[in-house]
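A quick write-up on the structure given underneath.
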Amino acid sequence: MTREDFIQRRDAFIHVSRRVDIAATIVFTGLLISLFFLDHHLNALRSSAILFAAFCSHYFFARWWKQQARRRGLACPACAKLLTMTAGQITVATGRCGHCGAKVFDS
Ligand SMILES: [Zn+2]
Numbered sequence: 107m108t109r110e111d112f113i114q115r116r117d118a119f120i121h122v123s124r125r126v127d128i129a130a131t132i133v134f135t136g137l138l139i140s141l142f143f144l145d146h147h148l149n150a151l152r153s154s155a156i157l158f159a160a161f162c163s164h165y166f167f168a169r170w171w172k173q174q175a176r177r178r179g180l181a182c183p184a185c186a187k188l189l190t191m192t193a194g195q196i197t198v199a200t201g202r203c204g205h206c207g208a209k210v211f212d213s
């Protein structure tokens, strides 16, 4: 993978994940707000179910996010850690993995 390929994949990943992040935030916040306002009318079991659903939505988003990054090749070929966020910036700047320092780009 070249530096340009990496930047292109990373930017596409950021674009998609921002949209999904907004949707996940709306779902998570909506579930928490509904729990807050409906708590007087709900029994403990239903309240717990809503809270559980809110945390599940967060868990599945985080899982989806990691899968998408790996599918787009945003993982180190040596240590397999994700090259997103700060590690991705280090990779773009140096051509090396932000975690282990291994060479990431072909040229
Ligand atoms: Zn690495």
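In our numbering, the protein residues as written are 107 to 213. We treat Cβ as the ideally placed atom computed from N, Cα and C, and that holds for glycine.
Cross-strand partners of residue i (DSSP beta bridge)
i	result
A181	L188
heavy atom of ligand 1 below 7 Å from residue i C-beta
i	result
C162	no
K172	no
A184	yes
K209	no
Alpha-carbon spacing of residue i relative to residue j, whole angstroms
i	j	result
K187	L148	43 Å
A184	A208	6 Å
T135	L189	28 Å
D117	R124	11 Å
F69	I139	Absent from the structure is residue 69, since the part of the chain shown begins at 107 and ends at 213.
R202	Y165	29 Å
S153	F161	13 Å
Cβ pair residue i, residue j closer than 8 Å
i	j	result
A130	S163	yes
A175	F211	no
C182	H205	yes
I156	L137	yes
Below 8 Å, how does it come out for the stretch 108-119 and the stretch 189-197: are there three or more Cβ pairs, yes or no?
Taking 8 Å as the limit for Cβ pairs, the verdict is that the stretch 189-197 does touch the stretch 108-119.
Between the stretch 122-142 and the stretch 163-174, do three or more beta carbon pairs fall short of 8 Å?
Here the stretch 122-142 lies against the stretch 163-174, with 3 or more beta-carbon pairs under 8 Å apart.
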